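Colleague: Residue numbers for the sequence shown, in the numbering used here: 296 to 511.
The beta carbon of each residue, even a glycine, is placed where N, CA and C say it ideally should be.
Predicted, not measured: the structure shown is a model, and the values here were computed from it.
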Amino acid sequence: METTNKLKDINEVLDFLYSEFPQCFKQKDGIKPLKVGIFKDIAERIEGSDKVSKTQVRQALRKYTSNWRYLEAVTKHEFRIDLDGNDAEKVEQEHIEHAQKALEESRAKMAKRKKPQRPRQDGETKSYKKKGPAHPRSSDKNARVNKKPAPQQAKRSSGKVEPLPANEVKVNNKVKVKLGQALVNATITEVNKDEVHVELVTGMQVKTKADSLYIV
Numbered sequence: 296m297e298t299t300n301k302l303k304d305i306n307e308v309l310d311f312l313y314s315e316f317p318q319c320f321k322q323k324d325g326i327k328p329l330k331v332g333i334f335k336d337i338a339e340r341i342e343g344s345d346k347v348s349k350t351q352v353r354q355a356l357r358k359y360t361s362n363w364r365y366l367e368a369v370t371k372h373e374f375r376i377d378l379d380g381n382d383a384e385k386v387e388q389e390h391i392e393h394a395q396k397a398l399e400e401s402r403a404k405m406a407k408r409k410k411p412q413r414p415r416q417d418g419e420t421k422s423y424k425k426k427g428p429a430h431p432r433s434s435d436k437n438a439r440v441n442k443k444p445a446p447q448q449a450k451r452s453s454g455k456v457e458p459l460p461a462n463e464v465k466v467n468n469k470v471k472v473k474l475g476q477a478l479v480n481a482t483i484t485e486v487n488k489d490e491v492h493v494e495l496v497t498g499m500q501v502k503t504k505a506d507s508l509y510i511v
């Protein structure tokens with residue numbers, strides 16, 4: 296019986312959140328930034344539910360908070376909201392900047408996918424070919440100039456960042472988490488042996504390892 300009641304699709308889990316917490320989760324209109332630590336509040340409210348698991352809620356939150364409508368809401372609203380739609384803490388400036396950056400990247404990817412491939416005309420093709428070898432020296436010089444700052448930047452940033460000590464891997468501690476090549480501010484929400492769950496400044500839930508955490 297439990298197996299049949301369990302939701303499987305992430306969109307179904309989102310529908311569950313929409314119906315269970317209508318003042319907090321919105322499909323399109325009225326989206327507002329979520330309170331930091333909202334996952335913990337949801338977990339307490341759905342304790343004992345045979346419909347969704349905590350893992351599914353994390354996945355649904357990840358999808359909800361990475362949506363461009365949500366990111367846009369982070370940049371426009373002054374306060375975050377709790378599960379009942381009440382104002383919680385203020386949206387910090389760094390959260391707004393992070394959301395703006397994520398929004399720009401998301402829109403750029405979408406525009407790239409939608410951009411039609413227009414066949415080049417003969418004139419365009421020829422002029423493009425002529426431009427290639429026209430200034431080999433200047434392009435080589437630019438390549439050399441662009442290559443130099445990269446390792447210096449890496450050294451500077453690596454000198455400032457320190458790994459988070461094992462005894463500081465605790466719930467509610469503020470940290471920086473490594474996502475690809477970037478370090479993003481986050482809050483630890485759960486520690487489960489080697490796995491650590493953190494909440495990013497945008498509200499997104501991420502599972503990572505302790506060795507990917509750094510001191511703020």
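Within 10 angstroms of its Cβ, does R353 collect 16 or more other Cβ (buried), or is it exposed?
Modeller: Looking at its Cβ environment, which holds 16 or more other Cβ atoms inside 10 Å, R353 is buried.
Colleague: Note down the Cα distance separating K371 from K349, rounded to an integer number of angstroms.
Modeller: The alpha-carbon atoms of K371 and K349 are separated by roughly 29 Å.
Colleague: Using 8 Å as the threshold, is the segment 375 to 384 in touch with the segment 322 to 339, meaning 3 or more CB pairs across them?
Modeller: As far as the Cβ criterion goes, the segment 375 to 384 touches the segment 322 to 339, which means the pair count is three or higher.
Colleague: For K358, which residues of its own chain have a beta-carbon under 8 Å away from its beta-carbon, when the five flanking residues on both sides are left out?
Modeller: So the qualifying residues of the chain are I305 and L309.
Colleague: Helix, strand or coil: how does DSSP classify V456 here?
Modeller: Of the three classes helix, strand and coil, the one that applies to V456 here is coil, per DSSP.
Colleague: Could you please give the first and the last residue of the uninterrupted beta strand (DSSP E) stretch that includes D382?
Modeller: Counting along the chain, the beta strand (DSSP E) containing D382 begins and ends at D382 to K385.
Colleague: What are the start and end residues of the alpha helix (DSSP H) that includes N306?
Modeller: Residues I305 to E315.
Colleague: Compare the Cα-Cα distances from M405 to each of W363, K473 and A481 and report the closest residue.
Modeller: Measuring from the Cα of M405, the nearest candidate turns out to be W363.
Colleague: For A355, I'd like the list of residues in its chain whose CB is within less than 7 Å of its CB, leaving aside the five on either flank, ordered along the chain.
Modeller: If we look at A355 and ignore the five residues flanking it on each side, its Cβ neighbours are I305, V308, L309 and L312.
Colleague: If you run the structure through DSSP and keep just helix, strand and coil, what is Q318?
Modeller: Q318 falls in the coil class under three-state DSSP.
Colleague: Can you give the Cα-Cα distance for F374 and E384, rounded to whole angstroms?
Modeller: Distance between the alpha carbons of F374 and E384: 6 Å.
Colleague: Are the segment 469 to 489 and the segment 502 to 509 touching by the rule of at least three beta carbon pairs closer than 8 Å?
Modeller: At 8 Å Cβ cutoff, the stretches touch.
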